[in-house]
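Notes to accompany the following structure.
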Amino acid sequence: MAGLEIQRRGAEGLDEIRSQLLAVYAEVYRERLNEEFHSVERFDERLGWNTEVPGFAAAVGYLDETAVGYAFGCVLQPGTNWWKGLRTPVPEGELAETGARTFALSELMVVESVRGTGAARQIHDALVRERTEERVTLLVERDHPRVRARYEEWGYRQLGEVVPFPGAPVYDAMLLKL
């Protein structure tokens with residue numbers, strides 16, 4: 394997308410952009426904000442959890458100095474809960490985390506006005522381009538098959554079905570080799 398400026402941040406720079414991330418989230422999920430899991434408050438909690446894990450990184454896309462999308466995640470640590478709700482058998486060793494093996498892409502979203510322009514892909518690529526881990530994982534709600542198909546176009550493959558924590562919807566866990 395022409396004119397999209399992308400800025401990268403670590404956990405130490407989150408306070409400067411937190412309100413922008415919450416505003417984009419509220420716009421994207423405006424029709425689901427009354428659901429407890431999708432409320433801005435619950436999202437802000439999940440954002441906070443991510444910043445406490447080593448390797449947190451965010452990429453924010455701006456048009457005319459207004460945030461229009463972002464992606465963020467962190468590095469999975471040994472003993473992570475990321476895979477605990479996996480309901481699908483997977484090959485042995487697939488879930489072993491070392492603290493340097495897997496970057497977990499927790500959120501990637503863009504506002505409606507830039508969907509279909511390539512902005513999401515640009516933000517995604519800016520976030521994972523310089524990662525040193527061997528792979529990226531993300532979760533896609535089962536109710537969003539078009540989103541899952543888009544990630545497959547980008548090279549992700551489905552690993553299995555997961556409910557990451559109580560009260561969360563069912564997701565497909567996906568992996569991208571870097």
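If you want my numbering, it's the 1-based position in the sequence shown plus 393.
Virtual Cβ for every residue (Gly too), placed ideally from N, Cα, C.
Residue i versus residue j - alpha carbon distance
i           : j           : result
residue 497 : residue 479 : 15 Å
residue 443 : residue 437 : 10 Å
residue 485 : residue 501 : 29 Å
residue 558 : residue 477 : 8 Å
residue 406 : residue 418 : 18 Å
residue 397 : residue 440 : 23 Å
residue 562 : residue 399 : 30 Å
residue 432 : residue 414 : 13 Å
residue 537 : residue 516 : 20 Å
residue 468 : residue 449 : 7 Å
residue 408 : residue 401 : 13 Å
residue 505 : residue 429 : 22 Å
residue 533 : residue 550 : 12 Å
residue 565 : residue 426 : 22 Å
residue 463 : residue 482 : 32 Å
residue 374 : residue 555 : Because the chain in this structure spans residues 394 to 571, residue 374 falls outside the shown range and cannot be described.
Residue from the options whose Cα sits closest to the Cα of residue i
i           : options               : result
residue 445 : 472, 404 and 462      : 404
residue 568 : 488, 417 and 397      : 488
residue 495 : 470, 410 and 539      : 470
residue 511 : 562, 544, 566 and 466 : 544
residue 447 : 432, 398 and 466      : 466
residue 454 : 549, 566, 503 and 552 : 503
Residues that residue i bridges to, as DSSP identifies them
i           : result
residue 402 : 451
residue 570 : 528
residue 394 : Answer is none; residue 394 lacks a bridge partner.
residue 456 : 459
residue 464 : 452 and 501
residue 565 : 533 and 554
residue 479 : 555
residue 597 : Beyond the ends of the chain as shown, which are 394 and 571, falls residue 597; an answer cannot be given.
residue 496 : 468 and 529
Buried or exposed (CB count within 10 angstroms, at least 16 for buried), residue i
i           : result
residue 520 : buried
residue 526 : buried
residue 491 : exposed
residue 457 : exposed
residue 531 : buried
Cβ of residue i within 8 Å of any chain D Cβ
i           : result
residue 408 : The chain labelled as chain D is not found in the depicted structure, where only one protein chain is given.
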